[in-house]
Amino acid sequence: MNALDWLESQQQAVVFCKNLAGLTACSQQIQLASGERFVLRQQNDRATTFGINYTQEVQILRYLTRLTFTPKVYYHNENSSLLTWIEGNTANCFSSSLLNKLALQLAELHLFPITESLPKLDLAKRCQFLWQKLPVTKQATLRFRPPFQTIQPFTLAICHHDLHLGNFIEKNDRLYLIDWEYSAVSDPALEIAMLFSANPAINQQQQTEFLRIYLQETQFNEGKFKRKMAEYHSAIYQLNQLWFTILEP
Numbered sequence: 001m002n003a004l005d006w007l008e009s010q011q012q013a014v015v016f017c018k019n020l021a022g023l024t025a026c027s028q029q030i031q032l033a034s035g036e037r038f039v040l041r042q043q044n045d046r047a048t049t050f051g052i053n054y055t056q057e058v059q060i061l062r063y064l065t066r067l068t069f070t071p072k073v074y075y076h077n078e079n080s081s082l083l084t085w086i087e088g089n090t091a092n093c094f095s096s097s098l099l100n101k102l103a104l105q106l107a108e109l110h111l112f113p114i115t116e117s118l119p120k121l122d123l124a125k126r127c128q129f130l131w132q133k134l135p136v137t138k139q140a141t142l143r144f145r146p147p148f149q150t151i152q153p154f155t156l157a158i159c160h161h162d163l164h165l166g167n168f169i170e171k172n173d174r175l176y177l178i179d180w181e182y183s184a185v186s187d188p189a190l191e192i193a194m195l196f197s198a199n200p201a202i203n204q205q206q207q208t209e210f211l212r213i214y215l216q217e218t219q220f221n222e223g224k225f226k227r228k229m230a231e232y233h234s235a236i237y238q239l240n241q242l243w244f245t246i247l248e249p
């Protein structure tokens, strides 16, 4: 029984369904006759190709349920899940207000205590996984080869790993983070390095202010944290190249 069948079994009629934008194209927005809206995730071959396991997303979101800025899990089984739809507007620019809120929320996320076994991201293994998905002809177009470097983390924390404007929802002066399918336990220094790498619109002055707030909240050692961020630059480049090479037709 998938999530839609389950809804029907609960006598909740789906009256609206549309595909959501995203590189993996595995999600839909659905609306019930009651007016409630949800995000429907369905595990399929495309998601699996990119190393996405929606069961892991559910595990992380359930663990983080007391955070105020995350979607909540409404239903889950082995091949599909329903997450609460967060009303609001998708952010359209990196304003000072947004970045300040994001710095505080990521600090809260990265300090969230880990008291049970949760999915982990091993960056070198993820790169190797994506490399093996490529045909030899595409591997030959890349400027790097395995083995991929294993980097000792600054520390371990629950991380989102897909921070960009499309995943920020603003409503009533509050910020919400959506699309947690890449979330896992990893290095917060990697998370912040990925944030800055993926979003060149965040200028140097904004990066400095973001880090000031974030490091003040987390009390991480500034020098060591920034050096660890820099250490990840090459690995992030390789991850991005592998990802977009797989996407190419």
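Residue numbers for the sequence shown follow full-length UniProt numbering, beginning at 1 and rising by one.
All C-beta atoms, glycine included, are put in the ideal place defined by N, C-alpha and C.
Look up R227 in the DSSP assignment and say whether it is helix, strand or coil. Walking along the sequence shown from the start, residue 227 turns up at place 227. In the structure shown, R227 sits in a helix (DSSP, three-state: H, G or I).
Taking the CB atoms as reference points, tell me whether W180 and T84 lie closer together than 8 Å. Your numbering for residue 180 matches position 180 in the sequence shown. Your numbering for residue 84 matches position 84 in the sequence shown. Contact: no.
Would you kindly work out how many angstroms separate the C-alpha atoms of V136 and Q205, rounded to a whole number? In the sequence shown, counting from the first residue as 1, residue 136 sits at position 136. In the sequence shown, counting from the first residue as 1, residue 205 sits at position 205. When rounded, the distance between both Cα atoms is 42 Å.
Original post:
When DSSP builds the beta bridges, which residues end up paired with L82?
Top reply: Here residue 82 corresponds to residue number 82 of the sequence shown, with the count starting at 1. In DSSP, L82 forms a bridge with L40, Y75.
Length of the line joining the Cα atoms of F50 and S34 = Counted from its first residue, the sequence shown places residue 50 at position 50. Counted from its first residue, the sequence shown places residue 34 at position 34. Between the alpha carbons of F50 and S34 lies a gap of roughly 35 Å.
_Closest Cα partner of A201 within the set Q128, I86, N92_ = Numbered from 1 along the sequence shown, position 201 holds the residue referred to as residue 201. Of the listed residues, the one whose Cα sits closest to A201 is N92.
Consult DSSP for residue 250 and reduce its assignment to one of helix, strand or coil. No information on residue 250 is available, as it lies outside the stretch 1 to 249 that the chain covers here.
Verify whether the separation of the beta carbon atoms of P113 and Q59 is less than 8 Å.
Counting from 1 along the sequence shown, the entry for residue 113 is found at position 113. Counting from 1 along the sequence shown, the entry for residue 59 is found at position 59. No.
Nearest to G166 (by Cα), restricted to the options L134, T48, L215, G88 = Residue numbering aside, residue 166 sits at position 166 when the sequence shown is read from its first letter. Among L134, T48, L215, G88, the Cα nearest to that of G166 belongs to G88.
**Q.** At least 3 beta-carbon pairs within less than 8 Å: the segment 162-177 vs the segment 237-248
**A.** Not touching, per the Cβ criterion.
Where do the N-terminal and C-terminal ends of the beta strand (DSSP E) with Y182 fall, by residue? Locating residue 182 in the sequence shown gives position 182, where the first residue counts as 1. Unbroken run through Y182: none, as it is neither H nor E.
Looking at the structure shown, is I192 part of a helix, part of a strand, or coil, going by DSSP? Numbered from its first residue, the sequence shown carries residue 192 at position 192. I192: helix per DSSP, three-state reduction.
Looking at Y74: is its Cβ nearer than 8 Å to the Cβ of F129? Position 74 of the sequence shown, counting from 1, holds the residue named residue 74. Position 129 of the sequence shown, counting from 1, holds the residue named residue 129. In this structure, F129 does not lie closer than 8 Å to Y74 by Cβ.
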